[in-house]
Amino acid sequence: MAQQALLDTDGNPLVIGMMYCCVTDMDDYVLHGALVRYCGKDHTGRELFADADTWDECDIYGDGLLAQQAPVIDPATKGWPAFAA
175 MAQQALLDTD
185 GNPLVIGMMY
195 CCVTDMDDYV
205 LHGALVRYCG
215 KDHTGRELFA
225 DADTWDECDI
235 YGDGLLAQQA
245 PVIDPATKGW
255 PAFAA
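Going by the working numbering, the residue at position 45 of the sequence shown is 219; the numbering climbs one at a time, nothing skipped.
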């Protein structure tokens, strides 16, 4: 069975190197959490994320990922080049 692409809150596929904010829908508001970068998938197909500031691998949480419109560092030249392909 084929794996489905992970989508952001707008329904768009995640982009390697782009920053996303973990969001949780609360009763009266949206809670904005950790800022992460999408690093692609490892050799097993597991989605990989890194802290947006430190590039340390991290988990995502909440109800979705909100794409951030800001400059990003190309993972092929900075960060995790092994996952840029």
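We put the beta carbon where it would ideally sit given N, CA and C, even for glycine.
For a test of the three-state rule: what should DSSP assign to residue i, helix, strand or coil?
i: G236; result: coil
i: T198; result: strand
i: G157; result: An answer regarding residue 157 cannot be provided, because it is not within the stretch 175 to 259 covered by the chain.
i: D225; result: strand
Classify residue i: buried if its beta carbon has 16 or more other beta carbons within 10 angstroms, exposed otherwise.
i: L188; result: buried
i: L239; result: buried
i: G191; result: buried
i: A179; result: exposed
i: D182; result: buried
Report the option in the options whose CA atom is closest to the CA atom of residue i.
i: M158; options: G236, R211, D227; result: The requested residue 158 is not part of the displayed model; the chain covers only 175 to 259.
i: E231; options: A179, C213, V204; result: C213
i: A208; options: M200, D202, A226; result: A226
Take residue i and list the residues in its own chain whose beta-carbon comes closer than 7 Å to its own, dropping the five residues that flank it on each side.
i: D184; result: A241
Which partner residues does residue i have in the DSSP bridge list?
i: H206; result: V197
i: L181; result: P187
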